[in-house]
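K.L.:
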Amino acid sequence: MQYAAALNGSGLISMEGSMSSHLLLGATVAGGWDSNPDSLGNGMSSGVYTLSPYLGIQANTAKMQVLLQYQPLMTGYSSDVYSNQTMHMASFAILGNVNERWKWELKGTGSYGQDSTRLLAPQQTVVVGEVSGAGPNSASYIPNAGTITYIDGGLEVHYKESERDSIEFRVANSFNQYSGFSSRNSIATTSLSYNRDLSSTLGLFAYGRNSYYYGSFNCSSFGGGLGLRWQALEKTSLSLSGGPQLDTAACGNQQGFSYNAAFSTRLSDKSQIYLLAAREPATSYLGPGLWLISTSGGYQRQVVTTATLSLDLGYVSSNTLTTTNSYHDIYFDCIYNHSLGHGLSISYSYRGYVGDTGETSFRRNAALFSIAWSPNAGKIFQ
Numbered sequence: 007m008q009y010a011a012a013l014n015g016s017g018l019i020s021m022e023g024s025m026s027s028h029l030l031l032g033a034t035v036a037g038g039w040d041s042n043p044d045s046l047g048n049g050m051s052s053g054v055y056t057l058s059p060y061l062g063i064q065a066n067t068a069k070m071q072v073l074l075q076y077q078p079l080m081t082g083y084s085s086d087v088y089s090n091q092t093m094h095m096a097s098f099a100i101l102g103n104v105n106e107r108w109k110w111e112l113k114g115t116g117s118y119g120q121d122s123t124r125l126l127a128p129q130q131t132v133v134v135g136e137v138s139g140a141g142p143n144s145a146s147y148i149p150n151a152g153t154i155t156y157i158d159g160g161l162e163v164h165y166k167e168s169e170r171d172s173i174e175f176r177v178a179n180s181f182n183q184y185s186g187f188s189s190r191n192s193i194a195t196t197s198l199s200y201n202r203d204l205s206s207t208l209g210l211f212a213y214g215r216n217s218y219y220y221g222s223f224n225c226s227s228f229g230g231g232l233g234l235r236w237q238a239l240e241k242t243s244l245s246l247s248g249g250p251q252l253d254t255a256a257c258g259n260q261q262g263f264s265y266n267a268a269f270s271t272r273l274s275d276k277s278q279i280y281l282l283a284a285r286e287p288a289t290s291y292l293g294p295g296l297w298l299i300s301t302s303g304g305y306q307r308q309v310v311t312t313a314t315l316s317l318d319l320g321y322v323s324s325n326t327l328t329t330t331n332s333y334h335d336i337y338f339d340c341i342y343n344h345s346l347g348h349g350l351s352i353s354y355s356y357r358g359y360v361g362d363t364g365e366t367s368f369r370r371n372a373a374l375f376s377i378a379w380s381p382n383a384g385k386i387f388q
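Quick note on our numbering: the sequence shown kicks off at 7 and runs consecutively.
Structure below.
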């Protein structure tokens with residue numbers, strides 16, 4: 007099964023199903039308290055309220071699956087110190103099956119608006135096996151960042167050479183710009199991998215990757231390595247990869263080892279966990295860094311038939327940024343969601359982070375009560 011993350015934080019959306027098209031609608035209204043709305047070293051607290059409508063389109067045919075999602079977030083504050091803010095978020099996923107040998111995937115995400123607003127949005131998730139988790143961008147905030155423009159997209163082409171062997175080619179690009187910094191930054195990446203299935207549950211692969219930074223600085227990075235994908239049980243998946251990564255002289259000759267790990271498992275019919283870890287060249291919400299190091303994990307439990315509890319903890323850092331000093335941040339959240347039926351649910355959430363940019367240390371905590379309507383967006387437990 008292939009899944010995409012629901013943009014409104016409701017869980018995962020299956021990309022496989024009946025050949026039909028349908029509209030995804032929803033809205034979330036929330037209110038509560040924010041200790042530091044602008045993510046400053048000496049920020050003042052304020053009451054906060056948010057409105058976040060959700061719109062999506064899913065269409066499946068015999069040869070193609072399409073998912074388009076859009077969600078704005080509008081915030082207001084009880085304190086006159088802060089002005090209203092807006093963040094626009096969108097994503098798309100298109101999967102195509104040319105024939106039994108050829109498949110392709112086109113995916114992308116984008117955000118535009120005040121960077122500090124993201125902490126109040128419905129949780130943005132990533133797919134970890136069959137579990138939705140908080141990715142590294144959930145823990146990426148910079149003080150005085152202002153308005154952010156962030157776009158990330160990629161194309162993957164899969165060729166099945168034989169029953170056990172396949173080749174994957176991927177090209178991707180990330181773009182990042184803050185109004186608080188006079189720079190635009192991008193990283194273009196191409197990779198090629200050869201996959202060998204040892205069994206129906208275990209596969210090995212070898213890959214080569216090239217990354218090219220352009221914008222505030224221009225340099226290239228080359229690397230490669232080995233990896234494995236293991237479906238240990240029906241609801242347990244593990245992916246590991248790693249290898250040397252060599253930067254050109256223009257990057258400062260920062261050599262190192264790049265790795266990526268993802269693990270998820272269903273502990274029982276009512277609980278599941280995920281773990282993520284990575285050290286890789288990247289341009290994320292942090293801005294351009296030669297190395298992005300991230301670790302995150304979470305636990306989700308169905309407390310009763312109609313209620314779930316989610317806990318997430320994440321760490322992210324980048325030691326060489328061009329727009330700001332080295333950055334280290336810890337993110338955490340606790341979300342209790344109770345379904346009322348007919349697509350309605352209420353939730354209580356507590357979110358926070360502790361950040362350090364070398365020059366500025368800042369903390370932020372937010373407590374929200376939300377009412378959401380999302381009749382068919384996604385599911386936490388698949």
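Every residue, glycine too, gets a C-beta built ideally from N, C-alpha and C.
Nearest to E22 by alpha carbon, out of Q64, Y60, S41?
P.N.:
Minimum Cα distance to E22 is reached at Q64.
K.L.:
Would you call the region 113-125 and the region 92-102 touching, i.e. three or more CB-CB distances under 8 Å?
P.N.:
Verdict: yes, contact present.
K.L.:
Return the CA-CA distance between Y265 and L57, expressed in angstroms with no decimal places.
P.N.:
Each residue's Cα considered, the two are about 38 Å apart.
K.L.:
Use the C-beta contact count for E167: other C-beta atoms within 10 angstroms, 16 or more gives buried, fewer gives exposed.
P.N.:
So E167 counts as exposed.
K.L.:
Classify T115 as helix, strand or coil using the three-state DSSP reduction.
P.N.:
In the structure shown, T115 sits in a strand (DSSP, three-state: E or B).
K.L.:
Can you list the beta strand (DSSP E) stretches of 3 or more residues lying completely in the region 14-89, in chain order?
P.N.:
If we require 3 residues or more, the beta strand (DSSP E) runs fully inside the region 14-89 come out as 18-20, 27-40, 52-66, 70-83.
K.L.:
Are the beta-carbon atoms belonging to R405 and K241 less than 7 Å from one another?
P.N.:
The shown model of the chain, from 7 to 388, leaves out residue 405, and the question about it has no answer.
K.L.:
Mind checking A127: buried by the 16 CB within 10 Å criterion, or exposed?
P.N.:
Buried.
K.L.:
Give a yes or no on whether the C-beta atoms belonging to T254 and C225 are separated by under 7 Å.
P.N.:
Yes, Cβ-Cβ distance for T254 and C225 is below 7 Å.
K.L.:
Does the region 101-117 touch the region 144-164, meaning 3 or more C-beta pairs lie closer than 8 Å?
P.N.:
Touching, yes.
K.L.:
Over the uninterrupted beta strand (DSSP E) stretch that includes V133, give me the two end residues.
P.N.:
Here the beta strand (DSSP E) through V133 covers 131-134.
K.L.:
Which residues mark the beginning and the end of the beta strand (DSSP E) in which G249 is found?
P.N.:
242-253 is the extent of the beta strand (DSSP E) around G249.
K.L.:
Please go through the same chain and pick out, in chain order, the residues whose beta-carbon is closer than 6 Å to the beta-carbon of S302, but skip the five residues on each side of it.
P.N.:
If we look at S302 and ignore the five residues flanking it on each side, its Cβ neighbours are A140, L282, G320.
K.L.:
State the start and end residues of the unbroken beta strand (DSSP E) segment that holds V177.
P.N.:
171-184 is the span of the beta strand (DSSP E), which, as asked, contains V177.
K.L.:
Starting from E167, trace the beta strand (DSSP E) both ways and give me its first and last residue.
P.N.:
No beta strand (DSSP E) holds E167; DSSP gives it neither H nor E.
K.L.:
Smallest Cα separation from L74: which of D318, H28, W39?
P.N.:
The option with the nearest alpha carbon to L74 is H28.
K.L.:
Rounded to whole angstroms, what's the CA-CA distance from F228 to F181? Just pull it up for me.
P.N.:
If I take the Cα positions, the gap works out to 20 Å.
K.L.:
With distances taken from CA atoms, which of S206, G231, S188 is nearest S222?
P.N.:
Cα-wise, what sits closest to S222 is S188.
K.L.:
Using 10 angstroms around the beta-carbon of R107, count the other beta-carbons present and answer buried if the total reaches 16, otherwise exposed.
P.N.:
Per the 10 Å Cβ criterion, exposed.
K.L.:
Taking buried to mean at least 16 other C-beta atoms within 10 Å of its own C-beta, is F263 buried or exposed?
P.N.:
Its Cβ having fewer than 16 others within 10 Å, F263 is exposed.
K.L.:
Among the candidates G102, G119, V137, N14, whose CA atom is the shortest distance from the CA of Q306?
P.N.:
Residue V137 is the option with its Cα nearest to Q306.
K.L.:
For H334, which of L298, C340, Y9, Y342 has the nearest alpha-carbon?
P.N.:
Among L298, C340, Y9, Y342, the Cα nearest to that of H334 is on L298.
K.L.:
So, S380 versus I341, is the Cβ gap smaller than 7 Å?
P.N.:
Their beta carbons are not under 7 Å apart, which means S380 does not touch I341 by this criterion.
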